[in-house]
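Student: I am attaching a structure below and will ask some questions about it afterwards.
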Amino acid sequence: MKLLRAYLCGLLILAIPSFLIHLHQSGRIFRQFAFVKSDATHLGHITTPDQILSPSKSLIISTPPAISIPAAISFPAAISTQTAILTPTGKKATQFLRVPSVDELCTNPAINDELSGIYSTFQWKSSKHLPRMLTEDQTLMMHEFLHSVMKAFCDLKIEWMIYYGSLLGAYISHDALPWDDDLDIILEEKALNLLASHDQNGTLSARYNISYVVTSGLHKLYWSSGKTIEPYSWAWPFMDIIAYDMTSKTDFSNIDRTKGHRFKAQVDWVYPLHMRPFGPVVSQLSLHVKGLQFGEDVYHFIREKKFTL
């Protein structure tokens, strides 16, 4: 018993410094968040992007230490496109989080860099237990390809969203699934003719380095300068495209000639579209990912049981 008491006393003595350090760090974090909350309350309003808040002369503000932001965040449909900015010295501004609009993917050229800098901590990793299909360089090329396709869709005013395996990857890990080597999207049916027309006149390849092909009823976009995948007529990287149709004000369904990926969903499961990281790229996806991925019965079961996926 004496040895046991001596052992426990030794553990207690060794633990005291760590406990004091933990209390000190907790106090610093609390003061940081209390500072931000207090100053935002005192300043009283949020500025628009072209405005700057100047604190009153009686209020002395010191710039708080940087706070890291986790990557596991889905950008909801826009509530406001305003940016909160504090200017304690008049020379340096602190930008706060904001809720962006999916429209900014086309109207704000800097939106991807801005949001990736705030939300994304993307880092390519692989594991011997679950190795990635693509190398780090190939993954970078895939993201560049997605950027180029998004630019083309913006210029051609094509509505689209990531879906199928790409949607599942974005939902689970903010990136492609480790075993996936392509992209999956759905877009409005009328866009297929538009893509075909611009591919035939050479616009897609000349401006965006992408090409369009239809084979056996399957639509694809691919990197024009990519390496052809024998024996197929397209190159890598590429994306599979399936069109969707708004059959009514309440129904949303895809048009799949092969019937292998046919689905039907409620419109309010799809809209409004949200923004979410896909690797370092900010892409857009549907509102209720669970419902579209697992179907109506499973979706309602999840809601009733309050499960989180």
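First residue of the sequence shown: 1, per full-length UniProt numbering; consecutive thereafter. In this text, a Cβ means the ideal position worked out from N, Cα and C, and glycines have one as well.
1. Measuring only the C-alpha atoms, how far is T139 from K157?
2. Would you say W160 and L187 are within 7 Å of each other, going by their C-beta atoms?
3. Is I46 helix, strand or coil by DSSP?
4. What does A191 pair with, by DSSP beta-bridge criteria?
5. Using only CA atoms, which one of V270, P237, L3 and H274 lies nearest to H147?
6. So S166 packs on I185, CB below 8 Å; how close in whole Å?
7. Do A110 and R276 have their CB atoms nearer than 7 Å?
8. What residue from P178, V102, F153 and D113 has the CA that sits closest to K125's CA?
9. Cutting at 7 Å between CB atoms, please list the residues of its own chain near M133, excluding the five before and the five after it.
10. Buried or exposed: where does H129 fall if 16 or more other Cβ atoms within 10 Å of its Cβ makes it buried?
11. Sorted by chain position, which residues of the same chain lie with C-beta nearer than 7 Å to A235's C-beta, five sequence neighbours on each side aside?
12. Using the Cα positions of T107 and M150, report the straight-line distance between them to the nearest angstrom.
13. What's the C-alpha gap between I241 and K190?
14. Measuring straight from C-alpha to C-alpha, what distance separates Y208 and V267?
15. According to the Cβ coordinates, are P280 and S116 closer than 7 Å?
16. DSSP three-state call for K125: helix, strand or coil?
17. Could you tell me the boundaries of the beta strand (DSSP E) in which H219 lies?
18. Closest to G217 by CA distance: which of A243, T203 and A6 is it?
19. Can you give the beta carbon distance from V282 to L105, rounded, assuming they're within the 8 Å contact cut?
20. Tell me S211's beta-bridge partners as DSSP assigns them.
21. Tell me the residue span of the alpha helix (DSSP H) that contains I172.
22. Going by C-alpha to C-alpha distance, which of P231, M246 and A152 sits closest to S211?
23. Thinking C-beta only, is L192 closer than 7 Å to H198?
24. Quick check on K220: buried or exposed, where buried means 16 or more other Cβ atoms within 10 Å of its Cβ?
25. Rounded to a whole number of angstroms, what is the C-alpha to C-alpha distance between residue 369 and L183?
26. I need the boundaries of the alpha helix (DSSP H) containing D180, first residue and last residue.
27. Please classify D113 as buried or exposed, where buried requires at least 16 other C-beta atoms within 10 Å of its C-beta.
Tutor: Quick answer:
1. T139 and K157 have their C-alpha atoms some 27 Å from each other.
2. Taking 7 Å as the Cβ cut-off, W160 and L187 qualify as a contacting pair.
3. Unreliable placement is indicated for I46, whose pLDDT of 34 sits below 50; the coordinate value is still reported in the next sentence. Three-state DSSP puts I46 in coil, outside helix and strand.
4. Bridge partners of A191: none, in fact.
5. For the residues V270, P237, L3 and H274, the minimum Cα distance to H147 belongs to P237.
6. Their Cβ separation, rounded to whole angstroms, is 7 Å, which keeps S166 and I185 in contact under 8 Å.
7. With respect to the 7 Å criterion, A110 and R276 are not classified as neighbours on the basis of their beta carbons.
8. Ranking the options by Cα distance to K125, first place goes to P178.
9. Excluding its 5 nearest sequence neighbours in each direction, M133 has C-beta neighbours in its own chain below 7 Å: P178, W179, D180 and D181, listed in chain order.
10. The residue is exposed, with fewer than 16 neighbouring Cβ atoms inside 10 Å.
11. Around A235: Y222, W223, G226, K227, T228 and I229.
12. Roughly 12 Å separates the two Cα atoms.
13. Rounded to whole angstroms, I241 and K190 show a C-alpha spacing of 13 Å.
14. In this model, Y208 and V267 are separated by some 31 Å (Cα to Cα).
15. With contacts defined as CB atoms closer than 7 Å, P280 and S116 qualify as a contacting pair.
16. Here K125 sits in coil by DSSP.
17. Here the beta strand (DSSP E) through H219 covers L218 to T228.
18. Minimum Cα distance to G217 is reached at A243.
19. Right, the Cβ-Cβ distance comes to about 7 Å (below 8 Å), so this counts as a contact.
20. In the DSSP output, where bridge partners are listed per residue, S211 has Y222.
21. That run of the alpha helix (DSSP H) goes Y164 to S173.
22. S211 has its Cα closest to that of A152, out of P231, M246 and A152.
23. Going by beta carbons, H198 and L192 fall outside the 7 Å limit.
24. Buried.
25. Nothing can be reported for residue 369: it is not among the residues displayed for the chain, which extend from 1 to 309.
26. Following the DSSP letters along the chain, one finds D180 in no alpha helix (DSSP H), marked with neither H nor E.
27. Within 10 angstroms of the beta-carbon of D113 lie fewer than 16 other beta-carbons, which makes it exposed.
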